[in-house]
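>
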Amino acid sequence: MKKVVLFLSMLILITGLVACDSVTPTPQDQSYTVTFDVQGGSAVKSLEVTEGTQITLSNYTTAKNEFNFEGWSLTLNGTVLTGTYTVNSNTTLYAKFVSEERTYQISFYDNDGSFLISKVVSEDSIPSHTYIVIDNDEWDYSFEGWKTSLESSTVLDVLPAANANASYYASVTAVKKQYTITYITNGGSTVGSTTVDYGTEVQEPSSPTKEGFTFVAWTSDIELQNAKTWPIVVTENISLYASWNETIEIGTYLEILLSTYAYDVMDYIPEKLQAGGVLVDQSQTTVDYSSFVNLSSISSGYGEQWQMVLDNLSQTQSFTEVLNVVDSLSITAVTLFNNYLDSNPEDVNSFTFTSGIYNVTINYEDDIIYLVIDFTAEFPVFNSQTAQIMLSYNVLNQEKEGRIQIGDANALKYVITEDSYTFAIKYLGIRSAYFNIYEHIDGSIKGTIYEFLGLDNSVSTSSAAQFEITDNYVSVVGNKASGIIGFTSIINELYNPSTGKLLGYEIKENIKSITYNTLWFNLSDQTGITSIMKVDEANGSNLDSIYVNGSASLFTSKNVGGINIKSLSRRYDIEFRKQYVYYMDGTTLTSVEVEVPMLFVQAEQYNSLVTDVRANNSNLSSFNITVSATTLAKIEVDYETTINVFVIAKDNTKNEDVIEYIGSKIAH
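Residue numbers (this note's numbering): 2 to 669.
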């Protein structure tokens, strides 16, 4: 009986050893569970083992359709464990599978070896990649195919089927681009085109010929304004255009100079805005406002800004009248110069002759012909003075220049181009000015004036103005003003070019830190007020006392009110402003400064103007403003767009700049 018990005990022990696939546990070992997560494969039964048990992992497998079992890992998609695993805690082992289909990584590189893309492809499939190489200005590129290495010269016709990881390199050929210079001779002899590689330096070709003309230059534009500098580095297709000058005898240049030196800047100015363009009766220049005056008796004139334009143009007349000397000498000069050319065809740099009081010099140099006349004579305004006239004509760009010196203190220089006129003047030692006027391609005309006053070149005051002339308006902005003492003012005046009427203006006035924006209109641009009377400085006030429509009650203004920096200022009022009118005194055109009543309103208060005037003046219940919305909008737009530009530009030119521009007499 003892033998049976012993046998059974040994059998139980051996069976336990086989089942545990491990060392014999000690009585103290903890029991743990090993769970197999098959990840969709066939089931594997969990194990109950004691602490320290080693299990052979290959003894436990699972299967999954279309996948190969690689082994077990401690985490999802973790590293596959090999050999045995010692169990020291409850453990989950995860099955790891790989697809039965094999794949490979195929990498593509450009022709410089730079990585493009990697693709994972199935075994035995044909890899591919579309490679596009982009041309540039210098090179044309062609993709030839793929190579197995960057250094290889063999281009594969087709990529092999994938059976391992592989790399392929683009094979690219580059051909340098060519460009053509085309010569357009504009009626001259043919010049063949030039085709060269990108970046080639090309020298100027032989000049074409054209009967009756001299070749000047190759230009890059059809307008023949931008001459090319040689050599040219070719980086694109180029068309060049031949510029020509008509072949003219030098004597003919002199004739052109003498027939085109005169210039009337008034050709730019609308007739009604020229001096005397609008005339008044002389009686309207001395209106007495100490008793009521009907508005119909009051004439509107030009404001201070436009009058500055007219003053500058008028004072040039004193100089340009001197050019009558040229008329009297022109026939003599041409005859003598042509006789000189007949005898000296190779020497035309300088020719001098004397005619009466005039010493005349003619030069032709660097495509410019000069005429210089020196003489002494009696001049209106200037009395007896030594004078010099210099005229020049550039035969290439047709630019004309003139310079007139009368004594030491008076000089004028002007330059005429196809679309502009510029002059600078110093006058009687007390005034200098610079004037430029320019016609734009759209037909509009823009001008600029700088004016300096003072003795012995010491400037005491300076003014500036900018103006624009269109078919519909003349707008002028400037800082010449007789405003309230302590204010700095900039005024933008607006005129009707067909009538010469001042339509109104807006003033920007600064005093201390306050800026006032005031609109000013003629009293004729309202209804309700028919007559006006002014009593100067009534009751000790600095402001005139204004009465309207025969009333004994003052015309009443209204303060802005509220709590702000302008609260005590007037919203609106009537004030007398300086204007200039012209009348005929016999046969003499005369200008005179007059005081004209105008209605002003702070721009921010314009919308309430009619209501305010009616509310504060019981005799003006029919008052209304008749300024058109178009005129008001134009004044405000010009104010917003021109004043800031003017402020920036007005100090760009100094008195010394004007004097330098005028220069000195031609020395002989």
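Cβ coordinates follow ideal geometry from the N, Cα and C atoms, glycine included.
Measuring only the C-alpha atoms, how far is Tyr371 from Ser433?
Rounded to whole angstroms, Tyr371 to Ser433 spans 26 Å at the Cα level.
> Thinking just about the alpha-carbon of each residue, which of Glu379, Ala388, Glu366, Asn384 is nearest to the one in Asn360?
The candidate whose alpha carbon is nearest that of Asn360 is Ala388.
> Please determine, among Tyr242, Thr215, Ser208, the residue with the shortest C-alpha to C-alpha distance to Glu224.
Of Tyr242, Thr215, Ser208, the residue nearest in Cα terms is Tyr242.
> Could you give the first and the last residue of the continuous beta strand (DSSP E) run that contains Arg578?
Where Arg578 is concerned, the enclosing beta strand (DSSP E) stretches over 571-586.
> If I measure Cβ to Cβ from Asn295 and keep anything under 7 Å in the same chain, skipping five residues before and after, which residues do I get?
So the list reads Thr531, Ser532, once near-sequence residues are dropped.
> Which class does Ser10 belong to by DSSP, given the choice of helix, strand or coil?
Low per-residue confidence applies at Ser10: pLDDT is 41, beneath 50, and the placement is therefore not dependable enough to give any value.
> Going by C-alpha distance, which of Gly529, Ile299, Asp545 is nearest Val536?
The option with the nearest alpha carbon to Val536 is Asp545.
> Below 8 Å, how does it come out for the segment 597-609 and the segment 575-588: are there three or more Cβ pairs, yes or no?
Touching, per the Cβ criterion.
> So, do the segment 82-92 and the segment 44-56 have three or more beta carbon pairs nearer to each other than 8 Å?
Short answer: they touch.
> How would you label Thr36, buried or exposed, when you count the other beta carbons within 10 angstroms and need 16 or more for buried?
Looking at its Cβ environment, which holds fewer than 16 other Cβ atoms inside 10 Å, Thr36 is exposed.
> Less than 8 Å between C-beta atoms, sequence neighbours within five positions excluded: which residues of the same chain meet that for Ile486?
Residue placement at Ile486 is flagged as unreliable, the pLDDT there being 44, under the threshold of 50; a coordinate-derived value is accordingly withheld.
> Given 8 Å as the limit, is there contact between the segment 93-111 and the segment 159-175, that is, 3 or more CB pairs closer than that?
Taking 8 Å as the limit for Cβ pairs, the verdict is that the segment 159-175 does touch the segment 93-111.
> Within the segment 410-442, note down every full alpha helix (DSSP H) run reaching 4 residues or more, in order along the chain.
The segment 410-442 contains no whole alpha helix (DSSP H) run of 4 or more residues.
> Quick one: residues in its chain with C-beta nearer than 6 Å to the C-beta of Tyr451, no 5 flanking neighbours on either side, listed in chain order?
Taken in chain order, the residues that qualify are Tyr435, Ala465, Thr654.
> So, Glu49 versus Tyr33, is the Cβ gap smaller than 9 Å?
Yes, these two residues count as a Cβ contact at 9 Å.
> Buried or exposed for Ile363, going by 16 or more other Cβ atoms inside 10 Å?
So Ile363 ends up on the buried side.
> Between Glu419 and Ser445, which are expected to be in contact by the criterion C-beta below 8 Å, what is the C-beta distance as a whole number of angstroms?
So it is not a contact: roughly 16 Å between Cβ atoms.
> Taking only the alpha-carbon atoms, compute the straight-line gap between Lys670 and Asp138 and give it to the nearest angstrom.
In the structure as shown, the chain starts at 2 and stops at 669, and residue 670 therefore has no counterpart that could be examined.
> Given this structure, state the Cα-to-Cα distance separating Glu145 from Ser126, to the nearest angstrom.
Approximately 22 Å, taken between the alpha carbons.
> Hey, which unbroken runs of the beta strand (DSSP E) at 3 residues or more fall wholly within the segment 151-231?
Qualifying beta strand (DSSP E) stretches, in chain order: 167-177, 179-185, 195-198, 214-220.
> Using the C-alpha atoms, what's the distance from Thr92 back to Val24?
Low confidence applies here, because Val24 scores a pLDDT of 43, under 50, leaving its location unreliable; read the following figure in that light. Their backbone Cα atoms lie some 19 Å apart in a straight line.
> Measure the CB-CB distance between Asp368 and Leu397 and report whether it falls below 9 Å.
Their beta carbons are under 9 Å apart, which means Asp368 touches Leu397 by this criterion.
> What span of residues does the beta strand (DSSP E) with Asn395 cover, start to end?
It spans 384-395 - the beta strand (DSSP E) in which Asn395 sits, taken as one unbroken run.
> Hey, Ile626 and Leu610: beta-carbon distance below 9 Å or not?
Going by C-beta atoms, Ile626 is nearer than 9 Å to Leu610.
> So, for Asp574: in the same chain, excluding its five sequence neighbours on each side, which residues have a beta-carbon less than 7 Å away from its beta-carbon?
Same-chain partners within the cutoff: Ser558, Phe601.
> Per DSSP, what are the beta-bridge partners of Trp140 in this structure?
Paired residues: Lys177.
> List the DSSP bridge partners of Pro598.
According to DSSP, Pro598 bridges with Phe577.
> For the alpha helix (DSSP H) containing Val614, list its first residue and its last residue.
Per DSSP, Val614 belongs to the alpha helix (DSSP H) from 610-617.
> Quickly, what does DSSP pair Asn493 with across the bridge? List them, please.
Paired residue(s): Val478, Glu507.
> Ignore the nearest five residues each way along the sequence and tell me which others in Ser351's own chain have a CB closer than 8 Å to its CB.
Taken in chain order, the residues that qualify are Thr362, Ile363, Asn364.
> What first and last residue would you give for the alpha helix (DSSP H) that runs through Leu633?
First-last of the alpha helix (DSSP H) with Leu633: 630-650.
> Cα separation between Ile239 and Val176?
Approximately 20 Å between the Cα atoms of the pair.
> Which residues share a DSSP beta bridge with Ser108?
In DSSP, Ser108 forms a bridge with Ser119, Ser168.
> Only counting the same chain, and skipping five residues up and downstream in sequence, which positions put a Cβ closer than 6 Å to that of Val373?
Closer than 6 Å at Cβ, skipping near neighbours: Thr362, Met391, Ile667.
> Judging by CA-CA distance, which residue of Ile358, Asn395, Glu366, Tyr394 is the nearest neighbour of Thr377?
Nearest of Ile358, Asn395, Glu366, Tyr394 to Thr377, Cα basis: Ile358.
> If you reduce the DSSP assignment to three classes, tell me which class Thr604 lands in.
The sequence given here has Ala at residue 604, not Thr. Three-state result, Ala604: helix.
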